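Residues in the sequence shown are numbered consecutively from 212, following the working numbering.
Quick reminder that beta carbons are idealized off the backbone N, C-alpha and C, glycines included.
It should be emphasised that the depicted structure is a prediction, and the values quoted were computed from it without experimental measurement.
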Amino acid sequence: MPRFSKAVSSLRSSEIRDLMTLASRPDVISFAGGMPGNDLFPVRDVEALFAQLDIRKKQAAFQYGPTPGLPSLLESLQGFLEKKGLPVHENRLLITTGSLQAISLLARAFIDPGDPVLVENPCFIGALSAFKSCGADLRGINVDSEGIAADELDDEVRRMPKAKFLYVTPYFHNPAGLLYSTERKERLIGSLRGRDIPLIEDDAYGDLYFHQEDALRLKPMKAINPEGIDICYTGSFSKILGPGLRLGWMLAPEEIYGKCELIKQSADACSSSYTQVLADEFIRSGLIYPYIEKVRQEYRSRAAGMLAALKRHMPGYVKWNEPRGGFYFWLTLPEGTDSTEILKLSIESGAVFVAGKTFDPAGKKNDTMRLSYCNNSAAEIDEGIPVIAEAVRKVCG
Ligand SMILES: Cc1ncc(COP(=O)(O)O)c(C=O)c1O
C-alpha cells in the first residue's frame, strides 16, 4: 500500500464527480461546467498576433521564463490592473498557472495540517480542494444576497485558534452568482482590520458584469487598500481570454509574494511562456477591451435566456439569484431536498447541472443546485431547463 500523507488520504473523488463522468455523453446538455463559451474564444485574433511577432520573440515563447512571469506581461498586466484602481506599485505581482495556482500557493504558504481556514458557504470547489489538500480545518460562513454573513464572520474572526486566512469571491460568486454590496465589503474590512488574518480576494469573474451601474460595487477591496489587512488579490485570464492558456495572477504584499514565489519555483518553475506572450500581446494590442465587452454582452443575453426559461418552467417553490454578471444561477430547493436525486433523473433525461453539496465546505447541504449558462446556446437552454424542471417536480412534487 502506498503510504500517502494524511492530508491527501482524506481526499476522495466525490459521488458528484463520478456522476459527471456519466454526463459527458454527447447527447446530454450540460449546465454543469464553469467554462467560457467555446464559440467566443478570440482564436483568429490571437493567431494573427502571434504570426506578426519577430522570430526572437517567438523563440522566447518556447523557452523557460522567470518564475514571477515574463517582464513584458508583468508590465502590461500592471497597466490592466491599474485601471481597476489596484495598488500595483505598493505590492508585487506574480503570474501563476491559472488563478487556482495562486490559491494553491497561498494555501501552501499558510496552512499547516489542522489549521482553521475561513471560507464562504457555499464556496468554489477548487479552493476547497486546495485548502483540504493542505489539511485545513474548513470553517464555512454562510452567504446571503449581499455577501458573507457579517455577524457570523465577526464570531469566526474572534475564535481561537485563530484562522490562517479568509477566502472570498465577492464578484459574481461561484457558485452563488452573487455580487457583494459595498456595505458588506466595508463590514468585512472592519471585521478583519488589525486581526492578523489575511484576506484572499478572488476576482475571477469581476470583468463580466452586465450593468455599468455596478462599477462601484465591483471595486476590489484590494483597491480600497485598507490599513491593517494583508490582502492577496487573485485574478485570471481564464474568463477574459481562455482557460486553456492556464494563466492567472496574484497581487500580494511583498512578504507573502516572496513565500509564494519560492513555492512556485518547486511547483512548476514558471508558467507557460508561450501563453504569457499571447496574453501580453492581447493586452498591448488593446484587443482585450472590446473582447471583454463582447463576451459581457453575450453572457448577459445567455443569462437572460436562462432566467426566462427558469421562470417559465420551474415550480414556484424553487428560488434563485438573478445574476448581475459571471456564469451562474444558484437554485434553492425546499429544505432537505436531495439534489443528487434530481441530478440522477435529469442526466437520464439528457441535462446535467452541479448538485449543491459539491460547494459545501462540509460536503453535506444538498438542497441547492448550480446551473451555468456560459457555454450554452439559447436553443440548448430552452431544451435543457424543462428537463431539469421535470426532474425537480418528480423529486419535490
Ligand atoms: C471563483 C473561481 N476562482 C478561481 C478559478 C480558477 O480559475 P483558473 O485557474 O482557470 O484561473 C475559478 C474557475 O472556475 C473560479 O470559479
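Suppose contacts are defined by Cβ-Cβ distances below 8 Å. Is residue i in contact with residue j by that definition?
i, j, result
"R350", "E367", "yes"
"S315", "L222", "no"
"S305", "K475", "The sequence shown places Leu at residue 305, rather than the Ser named in the question. Result yes, Cβ atoms of L305 and K475 sit closer than 8 Å."
"F321", "L582", "no"
"K295", "P431", "yes"
"D479", "T308", "yes"
"I375", "L419", "With the sequence shown as reference, residue 375 is identified as Lys, and Ile is not the correct amino acid for it. Not in contact: K375 and L419 (Cβ atoms no closer than 8 Å)."
"S484", "G276", "yes"
"F493", "L260", "yes"
"K217", "P324", "yes"
"Y510", "F538", "yes"
"D578", "T548", "yes"
"I592", "A520", "yes"
Nearest to residue i by CA position, among the options, is which residue?
i, options, result
"N353", "C345, R604, K576 and N586", "K576"
"L403", "L419, F383, N436 and F421", "N436"
"F273", "P298, T486 and Y382", "T486"
"R457", "A313, D593, F261 and S560", "A313"
"D365", "Y391, I400 and D549", "I400"
"Y391", "R370, L377 and G417", "G417"
"P237", "S560, C585 and A573", "S560"
"A590", "E293, G388 and I240", "I240"
"L389", "E357, P372, E412 and Y468", "E357"
"M580", "M525, D414 and P327", "M525"
Since residue i is in the alpha helix (DSSP H), which residue starts that stretch and which ends it?
i, result
"M432", "M432 to I435"
"D256", "V254 to A262"
"R406", "Unbroken run through R406: none, as it is neither H nor E."
"A361", "A361 to R369"
"M246", "Counting along the chain, M246 falls outside any alpha helix (DSSP H), and DSSP gives it neither H nor E."
"L311", "G309 to F321"
"D348", "D348 -> not in any alpha helix (DSSP H); beta strand (DSSP E) instead, spanning D348 to D355."
"Y502", "I499 to H524"
"L339", "I336 to K343"
In the DSSP assignment, the beta strand (DSSP E) including residue i goes from what residue to what residue?
i, result
"C443", "I442 to S447"
"D425", "Segment: none, D425 is in no beta strand (DSSP E) and carries neither H nor E."
"P327", "P327 to N332"
"E412", "L410 to D413"
"T380", "Counting along the chain, T380 falls outside any beta strand (DSSP E), and DSSP gives it neither H nor E."
"A463", "G459 to A463"
"L542", "Y539 to T543"
Using a threshold of 7 Å, is the CB atom of residue i nearer than that to any non-hydrogen atom of ligand 1?
i, result
"A415", "yes"
"N385", "yes"
"G459", "yes"
"L311", "yes"
"G595", "no"
"T569", "no"
"F273", "no"
"T380", "yes"
"S583", "no"
"G325", "no"
"P572", "no"
Does the Cβ of residue i have 16 or more other Cβ atoms within 10 Å, making it buried, or fewer, making it exposed?
i, result
"A338", "buried"
"K530", "exposed"
"I599", "buried"
"A426", "exposed"
"K433", "buried"
"P409", "buried"
"P386", "buried"
"S287", "buried"
If we define contact as Cβ-Cβ less than 8 Å, is residue i a contact residue for chain C?
i, result
"V506", "This model lacks chain C altogether, as it is built from one protein chain only."
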